[in-house]
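Chemist:
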Amino acid sequence: MPTRGDPSRSRYPDSAVFYRDLERTYETAARAEGVWIEAGDGRRWLDACGGALTVSLGHARPELARAASRQLGAVSYVHGSQFTTRAMEEAAEALVASLPAGYRGSKVYLTPGGAESVETAIKLARAWALATGRPERTRIVSQRPGYHGNTLGALAVSGRDALRAPYLPMLTDAPLVAAPWCPRCPLGLEFPGCLVACADEVEETLTTDPSVAAVLVEPVLGASAGGFPPPEDYLRRVRRAASDRDVLLIADEVLSGCGRTGRFLASEHAGVEADILALGKGLTSGALPGGAVVAKPEVVEAVAPDFRHGFTFSHHPVVAAVVREALRILAEEALVERAAALEEDLRAAVETVGEHGFAEGIWARGLLAGVALRRPEDGGVSARDFARAAWNEGLLVYPVAGPARPGGGPDGDLVVLAPPLTVTRAELRILGKRLGRVGGALEDGGGA
Ligand SMILES: Cc1ncc(COP(=O)(O)O)c(C=O)c1O
Numbered sequence: 008m009p010t011r012g013d014p015s016r017s018r019y020p021d022s023a024v025f026y027r028d029l030e031r032t033y034e035t036a037a038r039a040e041g042v043w044i045e046a047g048d049g050r051r052w053l054d055a056c057g058g059a060l061t062v063s064l065g066h067a068r069p070e071l072a073r074a075a076s077r078q079l080g081a082v083s084y085v086h087g088s089q090f091t092t093r094a095m096e097e098a099a100e101a102l103v104a105s106l107p108a109g110y111r112g113s114k115v116y117l118t119p120g121g122a123e124s125v126e127t128a129i130k131l132a133r134a135w136a137l138a139t140g141r142p143e144r145t146r147i148v149s150q151r152p153g154y155h156g157n158t159l160g161a162l163a164v165s166g167r168d169a170l171r172a173p174y175l176p177m178l179t180d181a182p183l184v185a186a187p188w189c190p191r192c193p194l195g196l197e198f199p200g201c202l203v204a205c206a207d208e209v210e211e212t213l214t215t216d217p218s219v220a221a222v223l224v225e226p227v228l229g230a231s232a233g234g235f236p237p238p239e240d241y242l243r244r245v246r247r248a249a250s251d252r253d254v255l256l257i258a259d260e261v262l263s264g265c266g267r268t269g270r271f272l273a274s275e276h277a278g279v280e281a282d283i284l285a286l287g288k289g290l291t292s293g294a295l296p297g298g299a300v301v302a303k304p305e306v307v308e309a310v311a312p313d314f315r316h317g318f319t320f321s322h323h324p325v326v327a328a329v330v331r332e333a334l335r336i337l338a339e340e341a342l343v344e345r346a347a348a349l350e351e352d353l354r355a356a357v358e359t360v361g362e363h364g365f366a367e368g369i370w371a372r373g374l375l376a377g378v379a380l381r382r383p384e385d386g387g388v389s390a391r392d393f394a395r396a397a398w399n400e401g402l403l404v405y406p407v408a409g410p411a412r413p414g415g416g417p418d419g420d421l422v423v424l425a426p427p428l429t430v431t432r433a434e435l436r437i438l439g440k441r442l443g444r445v446g447g448a449l450e451d452g453g454g455a
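Laid out in structure tokens, this is it:
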């Protein structure tokens, strides 16, 4: 369908944009506010996934616009090797103050995004191993399924086979152990009878592999596993195993952090502290690309004075100003507590999918929820078709593409919901109604 000359819709190859999806016709988003995104012709979508599980404070917050604008008019850029700024200093202080008491004294390294946070965390773990006299430690243990970013270093530690496949010969070798993904246990076991056997895999790897510098985990599983909250004992045992062998624990809270699961960090549910945190997404509420690494003081002391690393856009003053303001809003509006309080409302809304028989599993932790869909051949629907049908009902949900289980097909079978933490109960009811209509439309064979 040609779109050239129509400003409301664009597609490849008519446009100069190299799109994420070269087969899709893109609507032009004209306005956004709160949980709503609007096209030029007035059609509105309820954003039930905050884009890529990112928009935590609602769309187009004027406070963030003012904070960015003020900083752009004062100091718009300095290089992190030459200057610091008030915004950077205050954002770092506010971030550490948002964390549990055990992180006091930690240091904040602002990054250009989530993958760069993970890359920074991995390199920091390696620098720490070298600085503490263990040059043989070069590897990072992580989980399958799991996702830590699309740069080659982050992809090397991501258990997402579909994303890895084309680049496999270019990825460094990292042990991928079974994720604590109970709905489709990679070990074929069942909780609680399994006694959290996936944690045994981490313990065994650390016992037998002297080349491990750090264990990298998603404390609440991310998009690749539908935002599933694992048994809390998993993280506690991984923490213990890492401490016992003097290996670092990196918690990737890019998706799960900044209040998404009803605590500032998802690892707080298990009462576990990491040595290094990776943050992103909700940290800027998506208003600017940005992320952060938080490192415990002992890690920083070990690598000081020379952690050879950095980006042109790390420690960016405008990103820092937005982070500082986003953290102020999060605290002032008690949005972390709000995410916890609305968990049952979100679950109730999502359960409408189950009424139509498409779901084989539903879970929620705070304002992060997931649906495992039945296979199309078992009367279910692919995630891609589900998301398309939702789009037609004015609802944005996040489909996890790629085979989430062996034979699952490239269109995925997991859908994730993560509305802005500012969502109201009334909007969650609209979400539920629209999800119900998606089920109805799919039953009628329409929508997709
Ligand atoms: C847990 C996790 N880590 C890292 C990343 C990478 O973040 P970004 O896409 O900002 O590079 C993501 C993105 O989805 C994520 O979910």
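Going by the working numbering, the first residue of the sequence shown is number 8, and it counts up by one from there. C-beta: ideal position from N, C-alpha, C; glycine also. Source: prediction; values computed, not measured.
Kindly provide the ranges of any alpha helix (DSSP H) runs that are 4 or more residues long and lie completely inside the region 251-338, ordered along the chain.
Modeler: The region 251-338 contains these whole alpha helix (DSSP H) runs: 304-310.
Chemist: Taking the runs of the alpha helix (DSSP H) that are 4 residues or longer, which of them lie wholly in the region 110-196?
Modeler: 121-138, 159-163 and 168-171
Chemist: Taking Cβ to Cβ, would you say ALA220 is nearer than 7 angstroms to ARG133?
Modeler: yes
Chemist: Alpha carbon to alpha carbon, how far is VAL103 from PRO312? Give it in angstroms, no decimals.
Modeler: Roughly 21 angstroms separates the two Cα atoms.
Chemist: Kindly indicate which three-state DSSP category ALA39 falls into: helix, strand or coil?
Modeler: Correct three-state label for ALA39: strand.
Chemist: Report yes or no: do three or more beta-carbon pairs, one from the region 213-233 and one from the region 152-162, lie closer than 8 angstroms?
Modeler: At 8 angstroms Cβ cutoff, the stretches touch.
Chemist: Is LEU349 closer than 7 angstroms to LEU380 when the C-beta atoms are compared?
Modeler: no
Chemist: In the DSSP assignment, find the beta strand (DSSP E) that holds ALA366 and state where it starts and stops.
Modeler: 366-372
Chemist: Using the beta-carbon of each residue, find all residues closer than 6 angstroms to any heavy atom of ligand 1 and list them in chain order.
Modeler: That gives ALA59, GLY120, GLY121, ALA122, VAL125, TYR154, HIS155, GLY156, GLU225, GLY229, ALA230, ASP259, VAL261, LEU262 and GLY287.
Chemist: Please name the residue in ALA59, TYR26, ALA309 and TYR19 whose C-alpha comes closest to that of ARG141.
Modeler: ALA309
Chemist: SER149 and LEU183: beta carbons closer than 7 angstroms?
Modeler: yes
Chemist: Any idea if GLN89 is buried or exposed, counting beta-carbon neighbours within 10 angstroms, 16 or more meaning buried?
Modeler: exposed
Chemist: Quick one: give me the first and last residue of the beta strand (DSSP E) that ARG51 is part of.
Modeler: 51-54
Chemist: What are the start and end residues of the beta strand (DSSP E) that includes VAL407?
Modeler: Its beta strand (DSSP E) spans residues 405-407.
Chemist: Starting from GLY447, trace the alpha helix (DSSP H) in both directions and tell me its first and last residue.
Modeler: 432-450
Chemist: Tell me whether the beta-carbon of ALA37 lies closer than 7 angstroms to the beta-carbon of GLU45.
Modeler: yes
Chemist: Which runs of the beta strand (DSSP E) at least 3 residues long sit entirely within the region 198-248? Give them in chain order.
Modeler: 219-224
Chemist: For ALA455, which of helix, strand or coil comes out of DSSP?
Modeler: Unreliable positioning characterises ALA455 in this predicted model, as indicated by a pLDDT of 45, which lies under 50. The coordinate reading is nonetheless provided below. Of the three classes helix, strand and coil, the one that applies to ALA455 here is coil, per DSSP.
Chemist: What's the call for THR127, buried or exposed, on a 16-neighbour Cβ count within 10 Å?
Modeler: buried
Chemist: PRO417: which of PRO426, PRO406 and LEU424 sits nearest, CA to CA?
Modeler: The option with the nearest alpha carbon to PRO417 is PRO406.
Chemist: Apply the 10 Å Cβ neighbour rule to SER15 and answer buried if 16 or more other Cβ atoms are within range, or exposed otherwise.
Modeler: Burial state of SER15 is exposed, judged by a 10 Å Cβ sphere holding fewer than 16 other Cβ atoms.
Chemist: Tell me whether GLU260 is buried or exposed, calling it buried when 16 or more other Cβ atoms sit within 10 Å of its Cβ.
Modeler: buried
Chemist: Looking at GLY264: is its Cβ nearer than 7 angstroms to the Cβ of LEU272?
Modeler: yes
Chemist: Between THR10 and ARG18, what straight-line distance do the alpha-carbon atoms span, to the nearest angstrom?
Modeler: 6 angstroms
Chemist: For ALA230 versus VAL423, is the C-beta distance shorter than 7 angstroms?
Modeler: yes
Chemist: Give every residue of the same chain whose Cβ lies closer than 7 angstroms to the Cβ of GLU143, excluding the five residues on either side of it in the sequence, and list them in chain order.
Modeler: Taken in chain order, the residues that qualify are PRO217 and SER218.
Chemist: Drop a sphere of 10 angstroms on the beta-carbon of ALA172, count the other beta-carbons inside from all chains shown, and report buried for 16 or more, exposed for fewer.
Modeler: With fewer than 16 Cβ atoms within 10 Å of its Cβ, ALA172 is classed as exposed.
Chemist: So who's on the other strand from VAL422, going by DSSP bridges?
Modeler: In DSSP, VAL422 forms a bridge with VAL378 and PRO406.
Chemist: Between the Cα of ALA122 and the Cα atoms of GLU344, LYS288 and VAL329, which residue gives the shortest distance?
Modeler: LYS288
Chemist: When you compare only the Cα positions, how much space is there between LEU79 and SER105?
Modeler: 25 angstroms
Chemist: I'd like to confirm the pairing. Which residues does DSSP put opposite TYR33 in its beta bridges?
Modeler: SER17
Chemist: Which of the three DSSP states is assigned to ALA341 in this structure?
Modeler: coil
Chemist: Throw me the rounded Cβ distance for the VAL115 and ALA281 pair, which I believe falls under 8 angstroms.
Modeler: Not confirmed; about 14 angstroms, so no contact.
Chemist: Quick one: what's ALA463 bridged to in DSSP?
Modeler: Because the chain in this structure spans residues 8 to 455, residue 463 falls outside the shown range and cannot be described.
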